[in-house]
Amino acid sequence: MLPDLTTAQFVLLAALGVGVGTLGTMVGVGGGFLLVPVLLFLFPDAEPATIVSMSLTAVVLTGASATVGYRRQRLQDLRTGAIFIATALPASVLGALLTRAISRGAFDVIFGAVLVVGAVFIAWRGLRLAAAPERSRRGRERRIVDRSGRVFEYWVNEPLAASIAPVAGFFASFFGIGGGIAHVPVMILVLRIPSAVAVATSQLELMTASAAALAVHAAFTLDQPELWLRALIVGAGSASGAQIGVRLARLVGGLFVLQVIAAGLLLAGVRQLVSALV
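End of the sequence shown = 298 in the working numbering, gap-free, step of one.
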């Protein structure tokens, strides 16, 4: 059960939503990996499913807002996005169901460990990408021309994308962090999709798969208005921040995106492990 909502908490949740929506959209990850640790700190007695529901609400609204912005810029790879959605959707539902069966203590430890491991992997692969930035020529060719006239030509290994997406979708749904935190690094590091296209395309999967996972949680928590009030406050803030993030995304490169994701994961993971184990 959540405590009564105070004015200070209202302002804090709205500001938190704007912040994670801006940064999450700028690097294509939705902001859930930043939001969940903060929510765990703000609501120490809440069940994992409650925290995940609040985070997924923000992720869905962020993804919807960002998708509108990126569609205007004509940056999204719709075919690749459809592959990620189709293969990640069932795994996302499964992840949401399993969240309801885990204790808060176990959730905190596993979540922190996954964040740290993810940060190390992304940082390591990012350094390798910087040293050898060539693009793969295996798979289906893509050509995207954005609204400003920039041309992106690359190749996508579609079977590889389809095999990776369910794993990323499961963990993203289980922890309530949205699929972008896994899919953006995969798109850039493994599939070698240009960062601007990867960031924009990830919002399609982020919105759809997270909405499916959120629907699972909603089926069990419709009788908890205090939960959904907080979720909508954070979500409204994150949707507003997403429009800022869409504009800032044009200013960043692929290596910067990976560095921000890795640093955010590491800080959030270490903080989560310390809180859970000490």
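The beta-carbon is built from N, C-alpha and C at its ideal position, and this holds for glycine as well.
Give a yes or no on whether 8 Å exceeds the smallest Cβ distance from residue 207 to chain B.
Given the protein chain composition of this structure (a single chain), no chain B is represented.
Quick check on the burial criterion: 16 or more other C-beta atoms within 10 angstroms. Buried or exposed for residue 97?
For the purposes of this step, residue 97 is identified with residue 77 of the sequence shown, where counting begins at 1. It is buried - the Cβ of residue 97 has at least 16 other Cβ atoms within 10 Å.
If you reduce the DSSP assignment to three classes, tell me which class residue 142 lands in.
Working through the sequence shown from its first residue, we reach residue 142 at position 122. In this structure, residue 142 counts as helix in the three-state DSSP scheme.
Mark residue 126 as exposed unless 16 or more other C-beta atoms lie within 10 angstroms of its C-beta, in which case mark it buried.
Translated into positions along the sequence shown, residue 126 becomes position 106. When all chains shown are included, residue 126 counts as exposed.
CA-to-CA distance, residue 161 to residue 102, given in whole angstroms:
Translated into the one-based positions of the sequence shown, residue 102 becomes position 82. Translated into the one-based positions of the sequence shown, residue 161 becomes position 141. Going by the C-alpha atoms only, they are around 16 Å apart.
Measure the CB-CB distance between residue 218 and residue 227 and report whether it falls below 8 Å.
Within the sequence shown, numbered from 1, the residue matching residue 218 stands at position 198. Within the sequence shown, numbered from 1, the residue matching residue 227 stands at position 207. No. Outside cutoff.
Below 8 Å on the Cβ atoms is my guess for residue 62 versus residue 254; work out the distance and round it to an integer in Å.
Here residue 62 refers to the residue found at position 42 when the sequence shown is read from its first residue. Here residue 254 refers to the residue found at position 234 when the sequence shown is read from its first residue. Actually they are not in contact, since the Cβ atoms of residue 62 and residue 254 sit about 10 Å apart, beyond 8 Å.
Any idea what DSSP makes of residue 178, helix, strand or coil?
As a position in the sequence shown, residue 178 is number 158, starting the count at 1. Residue 178 falls in the helix class under three-state DSSP.
Check the DSSP bridge columns for residue 172 and list the partner residues they point to.
Within the sequence shown, the letter at position 152 stands for residue 172. Answer by DSSP bridge pairing, in chain order: 164.
Give the single residue among 137, 240 and 249 whose Cα lies nearest to the Cα of residue 26.
Looking up residue 26 in the sequence shown gives position 6. Comparing Cα positions, the closest option is 249.
Inspect the CB distances between the segment 271 to 288 and the segment 106 to 116 and report whether three or more fall short of 8 Å.
no
Check residue 245 in the structure and name its three-state DSSP category.
Residue numbering aside, residue 245 sits at position 225 when the sequence shown is read from its first letter. It is helical.
Return the CA-CA distance between residue 90 and residue 100, expressed in angstroms with no decimal places.
One-based indexing of the sequence shown puts residue 90 at position 70. One-based indexing of the sequence shown puts residue 100 at position 80. If you take the alpha carbons of residue 90 and residue 100, they lie about 15 Å apart.
Apart from the five residues on each side of it in sequence, which residues of its chain come closer than 6 Å, Cβ to Cβ, to residue 276?
Against the sequence shown, residue 276 aligns to sequence position 256. Contacts found: none.
Between which two residues does the alpha helix (DSSP H) holding residue 46 run?
Here residue 46 corresponds to residue number 26 of the sequence shown, with the count starting at 1. Run containing residue 46: 27 to 46, per the alpha helix (DSSP H) assignment.
Spatial neighbours of residue 173 within its chain, please: C-beta separation below 6 Å, excluding the five flanking residues on both sides.
By one-based count along the sequence shown, residue 173 stands at place 153. Closer than 6 Å at Cβ, skipping near neighbours: 163.
Could you name the residues of the same chain whose beta carbon sits closer than 6 Å to that of residue 220, not counting the 5 residues immediately before and after it, in chain order?
Working through the sequence shown from its first residue, we reach residue 220 at position 200. Here the set comprises 90, 95 and 96.
Nearest by alpha-carbon distance to residue 44: which of 272, 112 and 240 is it?
Translated into the one-based positions of the sequence shown, residue 44 becomes position 24. Out of 272, 112 and 240, 272 has the C-alpha closest to the C-alpha of residue 44.
Is the beta carbon of residue 113 closer than 8 Å to that of residue 233?
Mapped onto the sequence shown, residue 233 falls at position 213. Mapped onto the sequence shown, residue 113 falls at position 93. For residue 233 and residue 113, yes; Cβs fall inside 8 Å.
Compare the Cα-Cα distances from residue 236 to each of 35, 74 and 46 and report the closest residue.
As a first step, residue 236 must be located in the sequence shown, where it is residue number 216. Comparing Cα positions, the closest option is 74.
Which whole-angstrom value is the C-beta distance of residue 81 and residue 283, which I expect to be below 8 Å?
Taking the sequence shown and counting its residues from 1, the one referred to as residue 81 is at position 61. Taking the sequence shown and counting its residues from 1, the one referred to as residue 283 is at position 263. Wrong, their Cβ atoms sit about 25 Å apart, outside the cutoff.
DSSP-derived helix/strand/coil call for residue 96:
Within the sequence shown, residue 96 is the residue found at index 76, counting from 1. Coil at residue 96, not helix or strand.
Residue 179: buried (16+ other C-beta within 10 angstroms of its C-beta) or exposed?
Here the question's residue 179 lines up with position 159 in the sequence shown. That one is exposed.
Terminal residues of the continuous alpha helix (DSSP H) containing residue 56?
Here residue 56 corresponds to residue number 36 of the sequence shown, with the count starting at 1. It spans 52 to 62 - the alpha helix (DSSP H) in which residue 56 sits, taken as one unbroken run.
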